[in-house]
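To keep things clear, I will list the structure first and then write my remarks on it.
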Amino acid sequence: MPSKFTKLASSNAAAVVILLLSVALVVFTSNMTKPNPQEASTAIIEIFGVKIHRNPPQATLTDLGVTSWKKWGCSPSKFPWTFEAKETMYLLEGKVKVYCDGHDGFFEIGAGDLVEFPKGMKVTWDVTEALNKHYSLEK
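Heads up: the sequence shown at position 96 corresponds to 96 in UniProt numbering, and the numbers run straight through without jumps.
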């Protein structure tokens, strides 16, 4: 049968281990790289095969020649669309809920987003705020 001393020593050892793990966790998390807000705001994400670059730097837009692309716009409406070619677009104004065929739910794109839709993708666009965009079709 364990003595009172053995029970006390094992409970103290457990407390020391918990304390050391807590300190290690604090040190580890405090040394983690903090995200740069500038990088986070320009992150490229992919949803259902659609690449979205939120708030890309002006240099990116200039390199792509976005201002020389064709323009298109529409008022709030909902309609199906098939991308007959890979399309890259830069949204100047507006907001769209995009429902991709074969996927549940939707994602939103809006002013300031640089978006690439793959060739052949079928979607339903729910334009919730009047849209104005530059776009380029892959040749």
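Cβ atoms here follow ideal geometry from the backbone N, Cα and C, with glycine treated the same way.
Interface flag, residue i vs chain B, CB-CB below 9 Å
i: N132; result: Here chain B cannot be found, since the structure has a single protein chain.
Between the CA atoms of residue j and residue i - distance to the nearest angstrom
i: E108; j: G73; result: 17 Å
i: P57; j: D101; result: 31 Å
i: K71; j: T62; result: 16 Å
i: G105; j: S75; result: 22 Å
i: K139; j: G120; result: 14 Å
i: H103; j: A59; result: 33 Å
CA nearest to the CA of residue i, picked from the options
i: residue 215; options: K78, I45, L91; result: A query on residue 215 cannot be resolved here, the shown segment of the chain reaching from 1 to 139 and no further.
i: G65; options: M121, T124, T88; result: T88
i: P80; options: V96, D63, T67; result: V96
i: G49; options: K139, T60, V98; result: V98
i: A85; options: H53, T60, I45, P118; result: P118
i: Y135; options: S68, M121, G120; result: S68
Supposed contact pair residue j and residue i - C-beta distance, whole angstroms, cut 8 Å
i: L137; j: L91; result: Not really, about 16 Å apart at Cβ, beyond 8 Å.
Residue j beta carbon less than 9 Å from that of residue i
i: E129; j: G110; result: yes
i: G94; j: K133; result: yes
i: T82; j: V115; result: no
i: I44; j: R54; result: yes
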